[in-house]
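Worksheet: the structure to be examined is printed underneath.
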Amino acid sequence: EGGHLPGKKVSPKVAAARNAVPGVDLISPSNNHDLYSIEDLAQLIEELKTVNPKALVSVKVPVIPGIGTIAVGIAKAGADVITLSGFEGGTGAARLHALKYAGLPVEIGVRRAHRALVRAGLRDRVEIWADGGLKTAYDVLRMVLLGADRVGMATMAMVAIGCTICRGCQLDTCHVGITTQIETVEEALAHGLKRFVPQDLDRAVEHLTRFFEAKGEALRELVAALGARSLRELRGRVDLLYQRDHLEELDLSYFFLPVEEPEWLKDTSAHVLRKPLNQLTRTITEVVMGAYGEGSRKLVFQEGPVNSTDRALGAHLAGEIARRRLYGKGFDAEVELRFDAGSVAGNGLAAFNLEGMKVVVEGGAQDGVAKSAFGGTVAILKGRNPYGAYVDGSVGKSFAYGAIGGLLIVEGVADSRFCIRLSGADVILGGEPERPLRDELGNLAARAQAKGFAFEYMTRGRALVLGDPGPWICSGMTGGRVYLRHWPEMGLTEEAMKRRLAKGAKVAVKPLDLRGIEDVRELLSAYIRVLKEAKREEKAARLEKLLEDPAQHFRMVEPVNQQVEQGVSTE
6 EGGHLPGKKV SPKVAAARNA VPGVDLISPS NNHDLYSIED LAQLIEELKT
56 VNPKALVSVK VPVIPGIGTI AVGIAKAGAD VITLSGFEGG TGAARLHALK
106 YAGLPVEIGV RRAHRALVRA GLRDRVEIWA DGGLKTAYDV LRMVLLGADR
156 VGMATMAMVA IGCTICRGCQ LDTCHVGITT QIETVEEALA HGLKRFVPQD
206 LDRAVEHLTR FFEAKGEALR ELVAALGARS LRELRGRVDL LYQRDHLEEL
256 DLSYFFLPVE EPEWLKDTSA HVLRKPLNQL TRTITEVVMG AYGEGSRKLV
306 FQEGPVNSTD RALGAHLAGE IARRRLYGKG FDAEVELRFD AGSVAGNGLA
356 AFNLEGMKVV VEGGAQDGVA KSAFGGTVAI LKGRNPYGAY VDGSVGKSFA
406 YGAIGGLLIV EGVADSRFCI RLSGADVILG GEPERPLRDE LGNLAARAQA
456 KGFAFEYMTR GRALVLGDPG PWICSGMTGG RVYLRHWPEM GLTEEAMKRR
506 LAKGAKVAVK PLDLRGIEDV RELLSAYIRV LKEAKREEKA ARLEKLLEDP
556 AQHFRMVEPV NQQVEQGVST E
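According to the working numbering, the sequence shown is numbered sequentially starting from 6.
Spelled out as structure tokens, the structure:
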């Protein structure tokens, strides 16, 4: 259902970690907005394993109807771990109806997932981890017998370090110093707390260690009593379980049914091999690192038109550069990746882009461009077709999703969910309307330059939009600024901008202040510079006229009333 971190808990330390503004509410979306299908999940896992080939990916899902089918889909998407969360779990700040009615028992999820994976021949590809209200060694053993590989305990771990389960985690008044930014008795008195015991890290570690050692010892005794040498031997042994009570009210026979891999899956005579979808991104890394090893420090990798099967271009290189910098090998070169006119790069282009990397595409790109970018430059420009016209320059869904740094440019139009959770990057959407807006026709997204839901949950950064930003924008926005083109001749008036704000968005459309004027000039100048580098002098000259009076040509959108009543959820 998403989450809400109250503004008074967003200390400078928390804000720095979240790339947000101190003292301002943080709203977590109820879902990941780059995941709307099992194919999207497969793409995200592929991107993560491209940027870090050694990574193990865990996908956490609630136990809901159809969890067996969902587990099979997650396994086929390439996950290494499926974490099943049962209905008895939940944060202390969860709403009452969620604690009572959301989800199903984790036992149901573990058994259904285990059976479905075995019957699909996928059980050995993934581990099943389970959590949600587990407290004792018996709980752990029961999960393993149902099919889990590992379990998690959160509430009991909190209790081990002093949690009293007072159900006030969201109020920043935790009297045992766990779910609060208050660290000392003096700070607690200043906040009006009558009782406060600060956390002692050494004591907390000791208590946790003793707690889990005791659980481990109790579990060893149970495993030995069942005649097994290790807990792993007991995975899926439902023949060791029985229904203890409520025999007349509940039929739990499903839990005790054995499951075996179908015969047709046991035929291993042929192993089908396919070319990796992201082979080009690895080739780029090999070529660039080879040239870097020979002493080159200004590198340009140029490739002819790429297509949609060339996924996560640049992501593998970003991961290699990050590892070199992290582990002391260093990487001080400037790298530019250029993809020629006619390109339509596949999903995940320039995902996790870093400072020192520049990615330029003449054509277009699919979903997830510049996802989680840390820095550098990404520019999706129009390409020249055989007739001399510049066309495309568009991107798919979730452009700059979660980007915290860099200069990210789209010359054409963008699909939906543009710049969701933007957290510090500079973004320019250069598409412009070809004719005046006609909002009376309805369906605003069809004619807009961004197709809806742009700038949701934005916490930091700057965005410049030269055309129609599309409907339902800025929902959950708590920081940063969006600069919208004010162009009355094309219908881009302040009234039109306000119509495009999401219902309930806590933002306001305002004239530019001094900072806004400076921001617009800086962003627009950066866009013009990239256009000139691409030999687009005519368009650059036209846009330079907007620099003369930014206050006339732009309006800004920024959050207002940023802190809300802490006892009320905003999701």
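Every residue, glycine too, gets a C-beta built ideally from N, C-alpha and C.
- Task: Check whether the Cβ atoms of alanine 556 and proline 516 lie closer than 8 Å to each other.
- Result: yes
| message | Let me confirm a value: proline 263 is counted as buried when at least 16 other C-beta atoms fall within 10 Å, else exposed. Which label applies? | response | exposed
| request: Would you mind sorting leucine 434 into buried or exposed? The rule is 16 or more other CB atoms within 10 Å of its CB. | output: buried
Problem set entry | Burial state of glycine 71 (16 or more Cβ within 10 Å) | exposed
Open item on the list: If I follow the unbroken alpha helix (DSSP H) through proline 17, where does it start and stop?
Closed with: 17-23
* Asked: Closer than 7 Å: is that where the CB of valine 305 sits relative to any heavy atom of the ligand ZN?
  -> Only the bare structure without any ligand can be found here, which leaves the ligand ZN out of the picture.
Unbroken beta strand (DSSP E) runs of length 3 or more, entirely within the stretch 50-137: which are they? 63-67, 86-90 and 132-136
Note to self: Which residue wins for smallest C-alpha separation from threonine 74, given the options Ser63, Ile87 and Met294?
What the structure shows: Ile87
Margin query: Using the three-state DSSP reduction, which class does serine 33 fall into: helix, strand or coil?
Written below: strand
| task | Compute the Euclidean distance between the alpha carbons of leucine 442 and methionine 495, then round it to the nearest angstrom. | result | 6 Å
Fill in: Burial state of asparagine 390, where buried means 16 or more other Cβ atoms lie within 10 Å
exposed
Point to revise | Beta bridge counterpart(s) of threonine 382 as assigned by DSSP | key: Lys363 and Leu412
If you reduce the DSSP assignment to three classes, tell me which class aspartate 177 lands in. coil
Q. In three-state terms, what does DSSP make of glutamine 48?
A. helix
task: Could you please give me the residues that DSSP links to aspartate 431 through a beta bridge?
output: Leu412 and Arg467
ask   = So glycine 410 and phenylalanine 379 are in contact, right, with Cβ under 8 Å, and what is the actual spacing, rounded?
value = 5 Å
Glutamate 308 by DSSP, collapsed to three states: which one?
strand
Nearest-angstrom Cα distance between aspartate 614 and alanine 453?
Nothing about residue 614 can be reported from this structure: the residues present for the chain run from 6 to 576 only.
| message | Give me the residue from Arg208, Phe216, Thr185 and Val210 with the minimum Cα distance to phenylalanine 201. | response | Thr185
In whole angstroms, give me the CA-to-CA distance for threonine 382 and arginine 242.
54 Å
Selected residue, minimal CA-CA separation from valine 340, among Ser301, Val374, Gly368 and Ala346 | Ser301
Exercise. Is it the case that the Cβ atoms of alanine 350 and alanine 323 are separated by a distance below 8 Å?
Worked result: no
- request: Would you kindly work out how many angstroms separate the C-alpha atoms of alanine 121 and proline 310, rounded to a whole number?
  value: 42 Å
Which residue wins for smallest C-alpha separation from asparagine 37, given the options Glu93, Ile425 and Phe357?
Ile425
When you compare the stretch 478-489 with the stretch 533-550, are there three or more beta-carbon pairs, one atom per stretch, that lie closer than 8 Å?
no
Review point. Which of the three DSSP states, helix, strand or coil, is assigned to valine 374?
Key: coil
For a quick check, are the C-beta atoms of arginine 560 and valine 525 less than 8 Å apart? no
*Length of the line joining the Cα atoms of valine 2 and isoleucine 69*: Only positions 6 to 576 of the chain appear in the structure, and residue 2 is not among them; the question remains open.
**Message:** Buried or exposed for asparagine 352, going by 16 or more other Cβ atoms inside 10 Å?
**Reply:** buried
In the stretch 458-539, which residue ranges form an unbroken beta strand (DSSP E) of at least 3 residues, counting only runs that do not cross its ends? 465-470, 486-490 and 512-516
Compare the Cα-Cα distances from alanine 375 to each of Ser348, Tyr392, Leu413 and Phe344 and report the closest residue.
Leu413
* Whole-angstrom Cβ separation of leucine 236 and valine 149, contact assumed at under 8 Å? -> 6 Å
Find out if the Cβ-Cβ distance for the pair serine 90, glycine 152 is shorter than 8 Å. no
Query raised in the report: Taking one C-beta from the stretch 99-119 and one from the stretch 177-194 each time, how about it: are there three or more such pairs within less than 8 Å?
Result: no
*asked:* Less than 6 Å between C-beta atoms, sequence neighbours within five positions excluded: which residues of the same chain meet that for glutamate 360?
replied: Gly380 and Gly381
When you compare only the Cα positions, how much space is there between glycine 401 and leucine 46?
16 Å
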